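The C-terminal residue of the sequence shown carries number 444 in this note's numbering, and the numbering is unbroken. I have placed the structure first, in the form of structure tokens, so that the comments after it can refer back to it.
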Amino acid sequence: MTKQLVNLIGAVASLGILLAGALLFALPQFTGAQRITADAASVEQSNATQQAVLDGLAAQAADMTELDAEVAELRRVVPASVRADDVVQLAADAASEHDGRVVTVTVGETTAFAARTVDAAAGAADGTTPAATETTAETTGSDEGADAATPADPVAAPAGEGPQQVSITVSITAPDSTKATAVIDELRKGPRAVAVTNAGITTDDDGTVTAEVTLLAFYVAG
223 MTKQLVNLIG
233 AVASLGILLA
243 GALLFALPQF
253 TGAQRITADA
263 ASVEQSNATQ
273 QAVLDGLAAQ
283 AADMTELDAE
293 VAELRRVVPA
303 SVRADDVVQL
313 AADAASEHDG
323 RVVTVTVGET
333 TAFAARTVDA
343 AAGAADGTTP
353 AATETTAETT
363 GSDEGADAAT
373 PADPVAAPAG
383 EGPQQVSITV
393 SITAPDSTKA
403 TAVIDELRKG
413 PRAVAVTNAG
423 ITTDDDGTVT
433 AEVTLLAFYV
443 AG
């Protein structure tokens with residue numbers, strides 16, 4: 223066997239060893255590296271998707287917090303039950319603001335909400351009913367005054383679920399008729415939503431000024 227042939231065989235053998243090493247070691251490592259790179263890209267994409275979902279949920283949570291605050295405020299104005307104590311507190315605060323005090327509170331019948339007429343709403347803006355405006359004006363601050371007449375409410379279905387209204391009559395004493403009128407005005411400011419349907423101010427022989435106010439308090443049942 224000649225020297226060239228031996229060298230050729232050695233070269234072929236060396237090349238075979240190199241190819242075998244590449245196939246057995248280098249190629250699997252290269253394939254593994256590509257798989258790791260693909261997995262890393264997949265994880266990165268998954269993380270980005272999850273982050274987008276989390277950002278969306280955080281935004282919704284912020285919206286819900288704001289919405290809950292708005293609902294809570296609305297519930298102060300129109301609660302889910304009668305909560306006559308809210309009206310009592312409203313009357314007590316109004317009376318205290320003008321050196322008066324609540325004497326009696328009478329909670330009347332609850333009925334389904336009924337829209338008031340234009341005339342009734344116009345009368346309530348003055349703290350009186352349309353039919354009683356003249357009478358109340360004459361008796362305010364007098365010794366013989368009488369309460370204003372109560373108008374007939376619109377026909378309403380029996381109370382149940384949905385918007386409801388309850389009639390509440392409050393008797394309040396005040397130092398004078400001016401402050402008694404101011405108390406009536408305070409009742410309209412809330413936060414509980416009420417509608418004054420009747421108001422009368424009388425002065426007793428001993429000088430005691432009394433405002434008797436009938437109002438509707440609203441709530442949404444169900």
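Backbone N, C-alpha and C fix where the C-beta goes; we use that ideal spot for every residue, glycine too. Everything numeric in this text was worked out from a predicted model, so none of it was measured.
*Based on the DSSP secondary-structure assignment, which residues constitute the bridge partners of Gln267?*
Beta-bridge pairing links Gln267 to no other residue.
*Nearest-angstrom Cα separation, counted from Ser399 out to Val304*: 30 Å
*Please look up how many angstroms separate the CB atoms of Ala313 and Ile394, rounded, as I've assumed it's under 8 Å.*
6 Å
*Glu288 to Thr432, Cα distance in whole Å?*
43 Å
*Just reading off the alpha helix (DSSP H) that Ser318 is part of, what are its end residues?*
Ala306 to Glu319
*So the beta strand (DSSP E) Ala402 belongs to, where does it begin and stop?*
That residue, Ala402, is in no beta strand (DSSP E); its alpha helix (DSSP H) goes Ser399 to Leu409.
_Taking its Cβ as the centre, do 16 or more other Cβ atoms sit within 10 Å of Glu331, making it buried, or is it exposed?_
exposed
*asked:* Quick check: the Cα distance between Ala255 and Ala262, rounded to an integer number of angstroms?
replied: 10 Å
*Hey, Ala396 and Asp321 are a contact pair by Cβ (cut 8 Å); roughly how many whole angstroms apart?*
7 Å
_Beta-carbon proximity check, Ala334 vs Gln387, cutoff 9 Å_ = yes
_Please report the straight-line C-alpha distance between Thr178 and Thr430, rounded to a whole angstrom._
The displayed coordinates of the chain run from 223 to 444. Any statement about residue 178 would go beyond what the structure contains.
_Beta-carbon proximity check, Ala415 vs Val300, cutoff 9 Å_ = yes
*What are the partner residues of Pro385, as DSSP defines its beta bridges?*
Val442
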